[in-house]
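Asks: The first sequence runs 646 to 1068 under our numbering. My questions all concern the structure below.
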Amino acid sequence: MLTIKYISDNKELVLAGLAKKGFKNFALVDAALELDATRRNAQAKLDAALAELNQLSKSIGQLMKEGKKEEADVARQRTTEIKESNKELESTMKSAETGLIDILVQIPNLPHASVPQGMRAEDNVVERMGGVIPEMSEEALPHWELAKKYDIIDFELGVKITGAGFPVYKGKGARLQRALIGFFLDNAREAGYLEIQPPYMVNATSGYGTGQLPDKEDQMYHATLDDFYLIPTAEVPVTNIYRDVILNEKDLPIKNTAYSACFRREAGSYGKDVRGLNRLHQFDKVEIVRIDTPEHSYESLKEMVDYVQTLVDKLELPWRILRLCGGDMSFTSAITFDFEVFSAAQKRWLEVSSVSNFESYQANRLKCRYKGESGKPQLCHTLNGSALALPRIVAALLENNQTPEGIRIPKALVPYTGFDMIK
RNA sequence: GGAGAGAUGCUCGAGUGGUUGAUGAGGCACGCCUGGAAAGCGUGUGUACCUCUAAAGGGUACCGCGGGUUCGAAUCCCGCUUUCUCCGCCA
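Structure (structure tokens):
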């Protein structure tokens, strides 16, 4: 969340930023500022009262030692009065405090100056493109047909076992999944990322830390008996490693990578675009997470984008990078670059990665700070990106590389699959 | 799941009701010493919020978390979380 200090120092910038993001509830900003004033006022009074209380306590001890019981009793009486009047101050302060946080978590992050204006996907800007879109014959099959033809992914079987959106990968399909995970993790390691294997369930505090809660509560699977959430991305557990942590500036940037299964309810998205692997409730993804100083976070962002580009290049997929417009970015992001690959039989661009700088928005929730030479702890910047999400990569690989003899595996991946064709 | 023992600052480790934000040791930083270093000596070493603000200063809170008792709690009481040991179960 934004800090109340930033909001009160830069109200006009905040309102302009929110407008760019398509956020209309400006009243929340004033409400936050008002609650903050209430809180500060109550705390000032309460602190003064507590100071007097502490003084009285000391004097009572002293008086008792000197045997001046009556004077001590007078002081005791006074403490009772103070404590009585403190009750109201305490409840004022507490309710202002929780009310303020309730409001702040409803205010999204502000977009970076370089984020294009716009509300819809059409307003996103193509940053650059690469790879070659293959010529496809009219008989080219979409990946769900190919999956059936070669018996490598069974969607109906997943329905039987769990439900729609939980496919079963078989044989070379399963091995292709495992190959991609290994390929992505090895590349990340070579690029300097520390591999992490995180829990796939998190508590509510972690969900709040990265901003999934309360904003996207209905997008996560919730194990109510234990109040755990299945992670929608490894970003959640990995970033929460750094919750309530003060890092040393010389240890930055932190570079972590993690494979995890990801679980998303995808409530409300049905129809043609979700066929096959296009949108699943459970899928595999390798994530990269970075934590850096505000001075270096945009360098970090560029490195991450460039790194993801090397992956789609090695996989020989046609790709493009979009700079998302204000209205299309996520709640918590300050800037986001989406990677899309072209899936030649569906003739569609599919999003396979989203690389974002959250600036200090997550860090403020997480209380993730760093300390440099100057001494004072400051909020870090957090960044993350998919590198990469598997299902749509698989969809594009299957569709783009289909031949009459079978499906060709890109050279870079063969050491991981152990086969170069799916026949 | 049952029983018992713990949870204190960067780390270790004192502390069972009264100037204890917290003894001590280690670590770290700075200074002295040195040709340089080590050793030695000295000094310093948390976070958040409020107030004030150029800075300094002052105040409040924090000894796993949340309550309670008391004029006063790291210290007493209750609940929770978590770690360890033993038993049970088990991939």
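Note that beta-carbon positions come from the ideal geometry of N, C-alpha and C, so glycine has one too. Since this is a predicted model, take the numbers as computed values, not measurements.
Could you pull out every residue in the same chain whose Cβ sits closer than 7 Å to the Cβ of M781, ignoring the five residues on either side in sequence?
Replies: One-based indexing of the first sequence puts residue 781 at position 136. Result list for M781: A989 and A990, in chain order.
Asks: Are the segment 669 to 681 and the segment 763 to 772 touching by the rule of at least three beta carbon pairs closer than 8 Å?
Replies: At 8 Å Cβ cutoff, the stretches do not touch.
Asks: Quick check on T884: buried or exposed, where buried means 16 or more other Cβ atoms within 10 Å of its Cβ?
Replies: Here the question's residue 884 lines up with position 239 in the first sequence. Flag for T884 reads buried.
Asks: Check whether the Cβ atoms of A819 and L960 lie closer than 8 Å to each other.
Replies: Position 174 of the first sequence holds residue 819. Position 315 of the first sequence holds residue 960. No, they are not a contact pair.
Asks: Measure the alpha-carbon distance for T683 versus A720 and round it to whole angstroms.
Replies: In the first sequence, residue 683 corresponds to position 38, counting from 1. In the first sequence, residue 720 corresponds to position 75, counting from 1. Rounded to the nearest angstrom, the two C-alpha atoms are 30 Å apart.
Asks: Write down every uninterrupted run of the beta strand (DSSP E) in the segment 854 to 895 whose length is 3 residues or greater and which is fully enclosed by it, in chain order.
Replies: 873 to 875 and 890 to 893
Asks: Rounded to a whole number of angstroms, what is the C-alpha to C-alpha distance between K1012 and G776?
Replies: Here residue 1012 refers to the residue found at position 367 of the first sequence. Here residue 776 refers to the residue found at position 131 of the first sequence. In a straight line, the C-alpha of K1012 is about 41 Å away from that of G776.
Asks: So, using beta-carbon positions, are L619 and V1000 closer together than 8 Å?
Replies: Absent from the model: residue 619. The displayed extent of the chain is 646 to 1068, so no value can be given.
Asks: For R619, does the three-state DSSP call read helix, strand or coil?
Replies: Coverage of the chain is limited to positions 646 through 1068, which leaves residue 619 absent and any answer about it impossible.
Asks: Counting beta carbon pairs with one atom in the segment 864 to 879 and one in the segment 798 to 805, are three or more of them shorter than 8 Å?
Replies: no
Asks: Can you find at least 3 beta carbon pairs, one from the segment 950 to 968 and one from the segment 1023 to 1032, that sit closer than 8 Å?
Replies: They touch, by the three-pair rule.
Asks: Do you know offhand how far P882's Cα is from L786's?
Replies: As a first step, residue 882 is located in the first sequence; it is residue number 237 there, counting from the start. As a first step, residue 786 is located in the first sequence; it is residue number 141 there, counting from the start. Their Cα atoms are separated by approximately 38 Å.
Asks: Can you look up V931 in the DSSP assignment and give me helix, strand or coil?
Replies: By 1-based counting over the first sequence, the position of residue 931 is 286. Here V931 sits in strand by DSSP.
Asks: Looking at Y1006: is its Cβ nearer than 8 Å to the Cβ of N754?
Replies: One-based indexing of the first sequence puts residue 1006 at position 361. One-based indexing of the first sequence puts residue 754 at position 109. Contact flag set, yes.
Asks: Do you know offhand how far W964's Cα is from F987's?
Replies: Mapped onto the first sequence, residue 964 falls at position 319. Mapped onto the first sequence, residue 987 falls at position 342. If you take the alpha carbons of W964 and F987, they lie about 6 Å apart.
Asks: Can you give me the C-alpha to C-alpha distance between G662 and K669, rounded to a whole angstrom?
Replies: Here residue 662 corresponds to residue number 17 of the first sequence, with the count starting at 1. Here residue 669 corresponds to residue number 24 of the first sequence, with the count starting at 1. Answer to the nearest angstrom: the Cα atoms are 11 Å apart.
Asks: Under the three-state reduction of DSSP, which class applies to I1067: helix, strand or coil?
Replies: Taking the first sequence and counting its residues from 1, the one referred to as residue 1067 is at position 422. In the structure shown, I1067 sits in a strand (DSSP, three-state: E or B).
Asks: Straight-line CA distance for H757 to C1025?
Replies: Counted from its first residue, the first sequence places residue 757 at position 112. Counted from its first residue, the first sequence places residue 1025 at position 380. Their backbone Cα atoms lie some 16 Å apart in a straight line.
Asks: Can you give me the Cβ contacts of I1038 inside the same chain, cut-off strictly under 6 Å, excluding the 5 residues immediately before and after it?
Replies: Translated into positions along the first sequence, residue 1038 becomes position 393. So the list reads V997, once near-sequence residues are dropped.
Asks: Between the alpha carbons of G921 and P761, how many angstroms are there, rounded?
Replies: Looking up residue 921 in the first sequence gives position 276. Looking up residue 761 in the first sequence gives position 116. Taking the straight line from one Cα to the other gives about 32 Å.
Asks: Tell me the residue span of the alpha helix (DSSP H) that contains N1009.
Replies: By one-based count along the first sequence, residue 1009 stands at place 364. Segment Y1006 to L1011, the alpha helix (DSSP H) holding N1009.
Asks: If we count the other Cβ atoms within 10 Å of its Cβ and call it buried at 16 or more, is T981 buried or exposed?
Replies: Within the first sequence, the letter at position 336 stands for residue 981. Label assigned to T981: buried.
Asks: Between the Cα of F976 and those of K732, R993, D958 and N1002, spot the shortest distance and give me the residue it belongs to.
Replies: On the first sequence, residue 976 is found 331 positions in, with the first residue counted as 1. The candidate whose alpha carbon is nearest that of F976 is N1002.
Asks: Shorter than 7 Å, the distance from the beta carbon of R909 to the closest heavy atom of the ligand ZN, or not?
Replies: The model depicted lacks the ligand ZN and carries no ligand whatsoever.
Asks: For K650, which of R685, T878 and L691 has the nearest alpha-carbon?
Replies: Along the first sequence, read from residue 1 onward, the residue named residue 650 stands at position 5. With distances taken between Cα atoms, K650 lies closest to R685.
Asks: From which residue to which residue does the beta strand (DSSP E) around K739 run?
Replies: Position 94 of the first sequence, counted from the first residue, corresponds to residue 739. Element bounds for K739: not the beta strand (DSSP E) but the alpha helix (DSSP H), K714 to L749.
Asks: How about K903 and P843: do their beta carbons lie closer than 8 Å?
Replies: Position 258 of the first sequence holds residue 903. Position 198 of the first sequence holds residue 843. The sequence as given places Ala at residue 903; Lys does not occur at that position. Yes.
Asks: Straight-line CA distance for M774 to V847?
Replies: In the first sequence, counting from the first residue as 1, residue 774 sits at position 129. In the first sequence, counting from the first residue as 1, residue 847 sits at position 202. Cα-Cα distance, rounded: 37 Å.
Asks: Where A824 and S905 are concerned, what is the direct C-alpha to C-alpha distance, given to the nearest angstrom?
Replies: By 1-based counting over the first sequence, the position of residue 824 is 179. By 1-based counting over the first sequence, the position of residue 905 is 260. When rounded, the distance between both Cα atoms is 14 Å.
Asks: Would the beta-carbon of K1015 fall within 8 Å of that of N901?
Replies: Along the first sequence, one-based indexing puts residue 1015 at 370. Along the first sequence, one-based indexing puts residue 901 at 256. First, the amino acid is wrong: residue 1015 is Tyr here, not Lys. No, these two residues do not count as a Cβ contact at 8 Å.
Asks: Can you tell me whether I826 is helix, strand or coil according to DSSP?
Replies: Indexing the first sequence from 1 puts residue 826 at position 181. I826: helix per DSSP, three-state reduction.
Asks: Measuring alpha carbon to alpha carbon, tell me which of L749, E697 and K710 ends up nearest E726.
Replies: As a first step, residue 726 must be located in the first sequence, where it is residue number 81. Checking every option, the nearest Cα to that of E726 belongs to E697.
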